[in-house]
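Protein chains in written order, with the numbering used here: chain A, 926 to 939; chain B, 321 to 597.
What follows is one structure encoded as structure tokens, with my remarks underneath.
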């Protein structure tokens with residue numbers, strides 16, 4: 926099963 | 321007061337066309353450094369970062385930092401009213417709630433101005449760390465567009481595998497599978513190609529995609545990652561901004577797809593990978 930990661934999990938909120 | 325005048329209005333039109341389908345509403349940050357935007361698509365899978373440096377504008381004035389929230393579809397509607405060779409000026413008051421787009425034709429005998437209402441957009445700003453990527457691929461933006469388009473007729477995702485000698489794009493779907501391998505071309509091919517012509521001796525021109533893939537690879541570590549083609553195809557709407565595209569990849573990190581905007585800055589797209597669970 927292939928799942929799509931989210932961009933916000935890589936870059937932290939400023 | 322914010323005022324920015326760009327002689328080649330087509331650049332701004334192209335930038336908008338490249339991001340308007342990915343992002344609905346976005347805050348443009350106007351500072352002394354330039355005109356910038358950072359926004360995620362509605363699914364929070366990808367992120368676009370645009371930078372148009374103040375030095376790239378014909379005239380640029382920004383007395384204090386201004387955030388202008390705009391609906392990109394509406395902004396694109398307005399910019400479509402400018403001809404490609406028009407000069408475009410954007411203007412906004414510090415506390416105003418409108419932005420004015422002024423278009424002037426090259427003869428300066430037709431001047432239009434369009435006012436667009438600004439919006440308050442509540443959005444989170446993400447910090448993008450400087451990253452040393454394991455693989456950097458520079459290739460013809462037309463070729464990259466062609467590959468993404470072709471593969472999306474077969475499958476929904478593409479696996480990009482970079483080795484020191486090649487970059488391989490693989491997809492599969494109900495009807496079958498496809499592999500496209502672009503070999504790294506020899507050193508210097510990415511830069512410029514010297515062509516001898518009988519009349520004017522040596523002439524330097526940029527290599528065209530029809531002459532080859534022009535693939536340049538800078539590799540620390542071989543990388544293989546999988547991405548949704550839908551997003552990559554959307555990023556390819558920026559193709560006309562630059563002859564080359566730069567892809568940066570590292571294990572388990574978003575890919576960075578960058579198009580340079582001549583003398584002005586860049587538009588960068590970040591796309592989170594798909595992982596097998």
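Beta carbons: idealized from backbone N, C-alpha and C, even for Gly.
Note that the structure is a prediction, hence the values are computed from the model and not measured.
Return the first residue and the last residue of the alpha helix (DSSP H) that residue i is part of.
| i | result |
| --- | --- |
| residue 335/B | 329-339 |
| residue 553/B | 549-555 |
Could you check how far apart the C-beta atoms of residue i and residue j are, in whole angstroms? I think they sit under 8 Å.
| i | j | result |
| --- | --- | --- |
| residue 446/B | residue 578/B | Not a contact, Cβ separation roughly 17 Å. |
| residue 490/B | residue 499/B | 5 Å |
| residue 336/B | residue 388/B | That belief does not hold up - the Cβ atoms of residue 336/B and residue 388/B are roughly 14 Å apart, past 8 Å. |
| residue 442/B | residue 424/B | No, residue 442/B and residue 424/B are not in contact; Cβ-Cβ is about 35 Å, not under 8 Å. |
| residue 368/B | residue 543/B | About 22 Å separates the two Cβ atoms, so there is no contact after all. |
| residue 561/B | residue 338/B | 7 Å |
| residue 432/B | residue 468/B | With a Cβ gap of about 36 Å, residue 432/B and residue 468/B do not count as contacting. |
| residue 344/B | residue 392/B | 6 Å |
| residue 458/B | residue 564/B | 5 Å |
What did DSSP end up calling residue i once you bin it into helix, strand or coil?
| i | result |
| --- | --- |
| residue 391/B | strand |
| residue 377/B | coil |
| residue 540/B | coil |
| residue 930/A | coil |
| residue 384/B | coil |
| residue 598/B | Chain B is shown from 321 up to 597; residue 598/B falls before or after that span and cannot be answered. |
| residue 571/B | coil |
| residue 584/B | coil |
| residue 492/B | strand |
| residue 558/B | helix |
| residue 362/B | coil |
| residue 522/B | Only weak support exists for where residue 522/B lies, its pLDDT of 39 falling under 50; the coordinates are left without a value. |
Would you verify that the beta carbon of residue i is, or is not, closer than 9 Å to some beta carbon of chain A?
| i | result |
| --- | --- |
| residue 497/B | no |
| residue 444/B | yes |
| residue 441/B | no |
| residue 380/B | no |
| residue 594/B | yes |
| residue 447/B | yes |
| residue 363/B | yes |
| residue 326/B | no |
| residue 360/B | yes |
| residue 490/B | no |
| residue 542/B | no |
| residue 344/B | no |
| residue 375/B | no |
| residue 426/B | no |
| residue 412/B | no |
| residue 366/B | yes |
| residue 387/B | no |
| residue 597/B | yes |
| residue 481/B | no |
| residue 590/B | yes |
| residue 573/B | yes |
| residue 523/B | In this predicted model, residue 523/B has a pLDDT of only 39, less than 50, meaning its place in the structure is not dependable enough to derive any value. |
| residue 528/B | Residue placement at residue 528/B cannot be trusted, given a pLDDT of 44 that sits under 50; the coordinates are not used to answer. |
| residue 351/B | no |
| residue 548/B | yes |
| residue 477/B | yes |
By the DSSP assignment, the beta strand (DSSP E) with residue i in it spans what residues?
| i | result |
| --- | --- |
| residue 347/B | 345-350 |
| residue 499/B | 496-503 |
| residue 594/B | 594-596 |
| residue 342/B | Counting along the chain, residue 342/B falls outside any beta strand (DSSP E), and DSSP gives it neither H nor E. |
| residue 411/B | 407-412 |
For residue i, would you say it is in contact with chain B, using Cβ-to-Cβ distances shorter than 9 Å as the test?
| i | result |
| --- | --- |
| residue 934/A | yes |
| residue 928/A | yes |
Q: Would you list, in sequence order, the uninterrupted beta strand (DSSP E) runs of no fewer than 3 residues that lie entirely inside the region 423-488 of chain B?
A: 431-437, 455-460 and 477-482, all fully within the region 423-488 of chain B.
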